[in-house]
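Student:
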Amino acid sequence: MTAKRGDRERVAEAIERMPLVDHHVHGMLADPLVEAELLDAMLQADQADRTAVFDSQFGFAVRRWCAPALGLEPFADAAEYLVTRSELGFDEATSRILRASGITTYLIDDGHAPERLLPDERMMRLAGARSYPIVRLETLAETAMAGASSGDEFLERLEAALATRAARAVGYKTIAAYRVGLALDPARPTAAEVAAAADAWFAAGAASAQRPRLADATIIRHLAWWALEQGSVLQVHVGFGDGDLRFDRADPFLLQPFLAATQHTGGRVVLLHCYPFVREAGMLAHLYPHVHLDAGLALGQVGANADVVLRESLDLAPFSKVLFSTDAWGAPERVLVGAAAWRDAATGVLADYVDRHDWLADDAIRVAELMAWRNAEALYGRRFVMP
Amino acid sequence: MTAKRGDRERVAEAIERMPLVDHHVHGMLADPLVEAELLDAMLQADQADRTAVFDSQFGFAVRRWCAPALGLEPFADAAEYLVTRSELGFDEATSRILRASGITTYLIDDGHAPERLLPDERMMRLAGARSYPIVRLETLAETAMAGASSGDEFLERLEAALATRAARAVGYKTIAAYRVGLALDPARPTAAEVAAAADAWFAAGAASAQRPRLADATIIRHLAWWALEQGSVLQVHVGFGDGDLRFDRADPFLLQPFLAATQHTGGRVVLLHCYPFVREAGMLAHLYPHVHLDAGLALGQVGANADVVLRESLDLAPFSKVLFSTDAWGAPERVLVGAAAWRDAATGVLADYVDRHDWLADDAIRVAELMAWRNAEALYGRRFVMP
Amino acid sequence: MTAKRGDRERVAEAIERMPLVDHHVHGMLADPLVEAELLDAMLQADQADRTAVFDSQFGFAVRRWCAPALGLEPFADAAEYLVTRSELGFDEATSRILRASGITTYLIDDGHAPERLLPDERMMRLAGARSYPIVRLETLAETAMAGASSGDEFLERLEAALATRAARAVGYKTIAAYRVGLALDPARPTAAEVAAAADAWFAAGAASAQRPRLADATIIRHLAWWALEQGSVLQVHVGFGDGDLRFDRADPFLLQPFLAATQHTGGRVVLLHCYPFVREAGMLAHLYPHVHLDAGLALGQVGANADVVLRESLDLAPFSKVLFSTDAWGAPERVLVGAAAWRDAATGVLADYVDRHDWLADDAIRVAELMAWRNAEALYGRRFVMP
Numbered sequence: 000m001t002a003k004r005g006d007r008e009r010v011a012e013a014i015e016r017m018p019l020v021d022h023h024v025h026g027m028l029a030d031p032l033v034e035a036e037l038l039d040a041m042l043q044a045d046q047a048d049r050t051a052v053f054d055s056q057f058g059f060a061v062r063r064w065c066a067p068a069l070g071l072e073p074f075a076d077a078a079e080y081l082v083t084r085s086e087l088g089f090d091e092a093t094s095r096i097l098r099a100s101g102i103t104t105y106l107i108d109d110g111h112a113p114e115r116l117l118p119d120e121r122m123m124r125l126a127g128a129r130s131y132p133i134v135r136l137e138t139l140a141e142t143a144m145a146g147a148s149s150g151d152e153f154l155e156r157l158e159a160a161l162a163t164r165a166a167r168a169v170g171y172k173t174i175a176a177y178r179v180g181l182a183l184d185p186a187r188p189t190a191a192e193v194a195a196a197a198d199a200w201f202a203a204g205a206a207s208a209q210r211p212r213l214a215d216a217t218i219i220r221h222l223a224w225w226a227l228e229q230g231s232v233l234q235v236h237v238g239f240g241d242g243d244l245r246f247d248r249a250d251p252f253l254l255q256p257f258l259a260a261t262q263h264t265g266g267r268v269v270l271l272h273c274y275p276f277v278r279e280a281g282m283l284a285h286l287y288p289h290v291h292l293d294a295g296l297a298l299g300q301v302g303a304n305a306d307v308v309l310r311e312s313l314d315l316a317p318f319s320k321v322l323f324s325t326d327a328w329g330a331p332e333r334v335l336v337g338a339a340a341w342r343d344a345a346t347g348v349l350a351d352y353v354d355r356h357d358w359l360a361d362d363a364i365r366v367a368e369l370m371a372w373r374n375a376e377a378l379y380g381r382r383f384v385m386p
Numbered sequence: 000m001t002a003k004r005g006d007r008e009r010v011a012e013a014i015e016r017m018p019l020v021d022h023h024v025h026g027m028l029a030d031p032l033v034e035a036e037l038l039d040a041m042l043q044a045d046q047a048d049r050t051a052v053f054d055s056q057f058g059f060a061v062r063r064w065c066a067p068a069l070g071l072e073p074f075a076d077a078a079e080y081l082v083t084r085s086e087l088g089f090d091e092a093t094s095r096i097l098r099a100s101g102i103t104t105y106l107i108d109d110g111h112a113p114e115r116l117l118p119d120e121r122m123m124r125l126a127g128a129r130s131y132p133i134v135r136l137e138t139l140a141e142t143a144m145a146g147a148s149s150g151d152e153f154l155e156r157l158e159a160a161l162a163t164r165a166a167r168a169v170g171y172k173t174i175a176a177y178r179v180g181l182a183l184d185p186a187r188p189t190a191a192e193v194a195a196a197a198d199a200w201f202a203a204g205a206a207s208a209q210r211p212r213l214a215d216a217t218i219i220r221h222l223a224w225w226a227l228e229q230g231s232v233l234q235v236h237v238g239f240g241d242g243d244l245r246f247d248r249a250d251p252f253l254l255q256p257f258l259a260a261t262q263h264t265g266g267r268v269v270l271l272h273c274y275p276f277v278r279e280a281g282m283l284a285h286l287y288p289h290v291h292l293d294a295g296l297a298l299g300q301v302g303a304n305a306d307v308v309l310r311e312s313l314d315l316a317p318f319s320k321v322l323f324s325t326d327a328w329g330a331p332e333r334v335l336v337g338a339a340a341w342r343d344a345a346t347g348v349l350a351d352y353v354d355r356h357d358w359l360a361d362d363a364i365r366v367a368e369l370m371a372w373r374n375a376e377a378l379y380g381r382r383f384v385m386p
Numbered sequence: 000m001t002a003k004r005g006d007r008e009r010v011a012e013a014i015e016r017m018p019l020v021d022h023h024v025h026g027m028l029a030d031p032l033v034e035a036e037l038l039d040a041m042l043q044a045d046q047a048d049r050t051a052v053f054d055s056q057f058g059f060a061v062r063r064w065c066a067p068a069l070g071l072e073p074f075a076d077a078a079e080y081l082v083t084r085s086e087l088g089f090d091e092a093t094s095r096i097l098r099a100s101g102i103t104t105y106l107i108d109d110g111h112a113p114e115r116l117l118p119d120e121r122m123m124r125l126a127g128a129r130s131y132p133i134v135r136l137e138t139l140a141e142t143a144m145a146g147a148s149s150g151d152e153f154l155e156r157l158e159a160a161l162a163t164r165a166a167r168a169v170g171y172k173t174i175a176a177y178r179v180g181l182a183l184d185p186a187r188p189t190a191a192e193v194a195a196a197a198d199a200w201f202a203a204g205a206a207s208a209q210r211p212r213l214a215d216a217t218i219i220r221h222l223a224w225w226a227l228e229q230g231s232v233l234q235v236h237v238g239f240g241d242g243d244l245r246f247d248r249a250d251p252f253l254l255q256p257f258l259a260a261t262q263h264t265g266g267r268v269v270l271l272h273c274y275p276f277v278r279e280a281g282m283l284a285h286l287y288p289h290v291h292l293d294a295g296l297a298l299g300q301v302g303a304n305a306d307v308v309l310r311e312s313l314d315l316a317p318f319s320k321v322l323f324s325t326d327a328w329g330a331p332e333r334v335l336v337g338a339a340a341w342r343d344a345a346t347g348v349l350a351d352y353v354d355r356h357d358w359l360a361d362d363a364i365r366v367a368e369l370m371a372w373r374n375a376e377a378l379y380g381r382r383f384v385m386p
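Those sequence lines, one after another, are chains A, B and C. If you count the first sequence from 1, position 222 lands on 221 in numbering that gives the first Met the number 0, and the numbers rise without skipping. If you count the second sequence from 1, position 332 lands on 331 in numbering that gives the first Met the number 0, and the numbers rise without skipping. If you count the third sequence from 1, position 383 lands on 382 in numbering that gives the first Met the number 0, and the numbers rise without skipping.
1) With the cut-off set at 8 Å, would you say Ala147 of chain B and Arg135 of chain B are in Cβ contact?
2) Can you list, in chain order, the residues of its chain whose CB lies under 8 Å from that of Arg62 of chain A, leaving out five sequence neighbours each side?
3) Is any beta-carbon of chain A found at less than 8 Å from that of Met396 of chain B?
4) Check whether the Cβ of Gly299 of chain B lies closer than 7 Å to any heavy atom of the ligand FAD, and answer yes or no.
5) Check whether the Cβ of Ser324 of chain A lies closer than 8 Å to any Cβ atom in chain B.
6) Would you check if there are 3 or more beta carbon pairs closer than 8 Å linking the segment 165-177 of chain C to the segment 222-242 of chain C?
7) Could you tell me the boundaries of the alpha helix (DSSP H) in which Arg156 of chain C lies?
8) Could you tell me whether any Cβ in chain C is nearer than 8 Å to the Cβ of Val246 of chain B?
9) Using three-state DSSP, classify Thr346 of chain A as helix, strand or coil.
10) Whole angstroms are fine: how far does the CA of Asp21 of chain C sit from the CA of Ile14 of chain C?
11) To which residues does DSSP link Lys172 of chain C through a beta bridge?
12) Taking C-beta to C-beta, are Val301 of chain C and Asp314 of chain A nearer than 8 Å?
13) Using the Cα positions of Leu254 of chain B and Glu137 of chain A, report the straight-line distance between them to the nearest angstrom.
14) Report buried or exposed for Pro275 of chain A, applying the criterion of at least 16 other Cβ atoms within 10 angstroms of its Cβ.
15) Would His23 of chain B pass as a contact of Trp328 of chain B if the rule is Cβ separation under 8 Å?
16) The beta strand (DSSP E) with Thr104 of chain A in it runs from where to where?
17) Name, in chain order, the residues that DSSP records as bridge partners for Thr28 of chain C.
18) DSSP state of Asp247 of chain A, grouped into three classes?
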């Protein structure tokens with residue numbers, strides 16, 4: 000029992016000190032950052048009542064973990080928190096919150112509202128960390144369409160953009176769930192089908208739109224196949240998201256035919272977020288050799304319940320396929336809460352395996368390391384963490 | 000640790016004493032109450048083997064919590080329980096069981112088999128509590144149709160009934176899930192569409208049926224929009240129910256387009272029961288400002304597992320949007336078990352947040368109060384609990 | 000508290016010693032058994048990376064429970080485990096692993112790749128147990144079709160085969176989920192419909208195929224109705240399976256109309272495996288008097304998380320309707336891990352009910368016995384366990 004207690008503490012301490020690779024995150028809102036904007040960014044819901052932010056698991060988690068980063072007591076109240084944050088100033092508050100996360104590497108998807116966000120370089124200076132780009136395929140296609148003079152020209156520009164970005168990107172992201180749902184036709188679209196779809200999108204006025212919006216399943220499938228056939232990593236939004244998403248179309252089981260069809264391409268898939276379909280995602284990671292998952296976003300949002308969600312991610316997926324991410328956007332609090340909720344949940348779950356299921360502490364620590372950074376290094380084929 | 004232990008006890012004691020507003024319940028079976036009827040009412044399933052009642056989480060919960068209300072030891076066996084209950088007589092047994100729940104206010108939906116139930120006034124005398132009516136929209140429409148001489152007359156009678164009932168009701172209930180499924184067309188039906196649907200329902204012989212049965216999606220949508228545009232509360236059956244329900248049509252994700260369309264009406268929605276879709280309901284409550292939920296029915300039915308379900312209801316929903324209910328029908332045991340399972344689960348979950356996630360005891364107690372009665376007062380805009 | 004501690008130990012000891020009836024299992028791979036084959040059989044996924052086997056809940060469970068059966072320390076590493084297993088030889092290793100499970104009776108479905116498996120008699124000698132056959136309906140039909148000269152002849156041979164097998168089988172199994180999905184038309188097919196379907200299957204060349212494959216919904220429904228109208232037990236694959244299965248078609252809610260239609264046939268249904276739809280299966284077992292479930296397969300695969308899954312199986316299903324199985328195929332490790340995970344989870348969950356929900360230890364032990372073997376005896380109408 001004493002030995003066990005010592006084991007639990009060893010696991011907890013190892014996880015506390017462990018560097019984290021956040022393999023899916025977005026940029027932070029640029030200054031000046033007004034309070035209303037900050038509160039909006041803390042929620043997934045643009046239109047929800049702002050006062051509800053602090054009366055939620057996420058809000059309690061901010062008070063628990065972010066207040067101390069600002070020099071306050073844990074669970075300082077919301078008003079005190081916001082005043083202190085404001086007094087510290089943008090750079091100091093941002094830096095303290097980001098650095099408290101222990102994240103040393105960020106893989107950044109800048110596809111959502113980049114014009115409102117800090118440049119990655121400045122964010123990294125404040126965070127004391129390094130970043131690598133993830134390219135959002137729909138955004139790339141929309142940029143290629145803007146101002147194109149034909150469907151053909153769009154495809155030429157798209158090809159050029161993919162070649163340019165592919166040289167620097169560590170992976171790709173698709174929000175097919177938002178645009179067409181995850182029930183993708185598994186067949187690789189032919190060149191003729193892609194050309195016809197490009198023509199149709201162009202004919203619908205996309206090129207002259209303020210912001211072209213890609214919602215064509217053929218082009219999205221083309222992009223997804225392209226990324227996988229490159230041998231690259233394709234991040235796929237699954238489950239919980241904002242109000243543009245139909246949740247019933249974001250169930251990963253709908254993606255099963257596509258996953259079956261792409262398993263021998265050489266590319267790899269990461270199912271992102273997944274809540275409430277975490278077990279379902281784990282089943283797919285069990286079955287298909289190229290499928291991985293994380294439970295990012297959910298862990299921070301569910302706060303004190305994160306252990307339940309993390310545990311589900313470890314049901315059927317091999318431990319080498321479960322990753323850490325925060326999916327934070329806009330508010331540094333989401334980064335810190337995501338990281339702290341992961342450490343808290345990983346400690347709770349793995350120490351419980353040690354206590355109640357006799358796992359060796361070394362095994363528990365190794366599984367934590369896999370999730371924290373080793374699986375990300377293996378998946379993206381890069382060394383992210385300095386020895 | 001001693002401080003922590005004291006905190007856990009403070010939370011448990013506060014929850015034990017907390018008044019409860021049961022915002023969704025039905026009437027109790029009238030006397031004389033024969034044993035077979037009582038046992039049937041304890042189950043959601045009319046046709047299930049009666050002897051199974053006590054070999055279930057619900058049955059164990061009855062032995063745990065209702066036996067002491069009758070003066071027996073906790074976990075007295077089923078036969079002893081039924082004999083003692085019968086010896087005490089209808090009024091005494093009913094009164095003891097209902098009063099042991101600590102529920103001070105009931106919002107009663109009398110839409111299901113009201114002819115078999117106690118008048119609300121008598122039930123309230125036995126319970127030592129107050130009640131307010133919830134109007135079941137489908138039942139109101141069916142009553143308006145009975146004996147109507149045309150679709151037009153039905154609509155006139157319906158309008159009159161809505162006006163009359165609206166003056167007294169604290170909210171409305173729809174069982175759209177049972178009748179047409181939750182995949183409601185989000186568009187508000189036009190007057191012409193409603194008139195055509197009324198004509199069609201009439202033409203199908205509804206008015207001369209023993210009991211007209213409303214299963215027309217247009218009329219149901221019309222009623223739901225009407226309630227929301229009144230600025231009222233619309234309770235929506237979601238998830239687990241009896242054998243008249245197709246469970247796959249009771250998934251709240253199917254309701255998402257309707258929720259998106261109605262978010263600016265001024266009305267509010269409560270997703271009722273929700274099991275096994277509690278997390279899904281919480282996602283919708285997170286996203287849409289007018290959406291609330293409870294996990295009533297499920298908490299009592301799953302008994303010793305209620306903490307898992309309650310925890311899920313606190314994943315993504317703001318704490319100001321999670322309500323308490325029992326959804327009891329017929330058997331007072333369902334009222335007491337629903338209330339006791341809620342107290343037990345709330346204590347377990349919130350004390351765990353205090354113990355393992357460092358929540359302040361005062362915060363935990365406040366979140367419990369929100370669920371117990373404060374959210375109900377805010378949602379229905381009434382003062383239910385005396386100071 | 001001391002009394003409580005004693006109760007917990009009583010529950011744990013009783014469960015440790017309890018005989019188990021594995022009501023759904025397959026045969027074990029015949030010798031010589033090469034390591035690659037063994038590792039493949041440990042996973043549900045034929046095509047997954049073999050090295051992932053030990054980096055998973057299942058792999059950790061093998062190290063925890065199977066290593067001691069071979070004389071190693073718990074959590075011996077994978078390499079040591081495989082070497083020791085090989086040194087012990089096929090018979091000794093198989094026998095030790097199977098006997099450590101405490102399973103005394105196996106109900107064997109030999110429908111999957113029987114040519115690669117040990118004869119049941121030899122497996123039973125090694126296991127020190129008895130077995131009874133479960134007949135897989137699709138396999139029976141495929142055998143009847145092989146070499147038939149017409150649809151009519153197929154039906155004659157099928158009828159004869161059913162009569163022969165029915166004399167010995169203790170139950171039937173359908174993999175409708177794999178072949179046509181669970182959204183079965185609830186109507187009993189007419190003789191004319193069955194004859195037409197048989198003709199169509201024959202006309203498609205089934206009889207001359209190497210292995211005819213039954214994927215006709217009418218014939219599958221015919222077989223399922225036949226089994227139920229015999230008053231027999233029909234096992235139905237639900238949820239998690241291998242890559243031939245579309246997971247979204249394996250949701251038990253899809254089967255609800257069929258269950259409603261067959262509830263008065265006199266036959267009984269067992270929903271097998273069910274993960275991640277365990278709660279859904281429990282809802283159906285609550286509602287329909289002839290529906291039972293197990294969470295086999297999942298318990299062993301999720302290892303240290305099995306308590307969560309077992310708990311879900313006890314949410315709404317009457318305790319008299321929840322069974323034990325391993326669904327092991329090929330690798331004896333799956334038998335032992337399935338049994339040990341069940342004992343571990345049952346102990347954890349039921350002792351928690353005793354500790355935290357005041358259940359009587361005797362009640363907890365009785366519920367464990369129901370799941371372990373009593374429900375199987377009642378369901379299959381046989382005495383499996385010697386007094």
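All C-beta atoms, glycine included, are put in the ideal place defined by N, C-alpha and C. It should be emphasised that the depicted structure is a prediction, and the values quoted were computed from it without experimental measurement.
Tutor: Reading off the structure:
1) no
2) Phe53, Pro73, Phe74, Ala75, Asp76, Ala77 and Tyr80
3) This structure cannot settle anything about residue 396 of chain B, because the visible part of chain B is limited to 0 through 386.
4) For the structure depicted, the ligand FAD is absent and the ligand set is empty, with no information on it obtainable.
5) no
6) yes
7) Gly150 to Ala165
8) Per the sequence shown, the amino acid found at residue 246 of chain B is Phe instead of Val. Answer yes: the Cβ-Cβ gap between Phe246 of chain B and chain C drops below 8 Å somewhere.
9) helix
10) 15 Å
11) C:Arg135 and C:Gln234
12) yes
13) 27 Å
14) buried
15) no
16) Ile102 to Asp108
17) Correcting the residue type first, residue 28 of chain C is Leu in the shown sequence and not Thr. C:Leu116, per the DSSP bridge assignment.
18) helix
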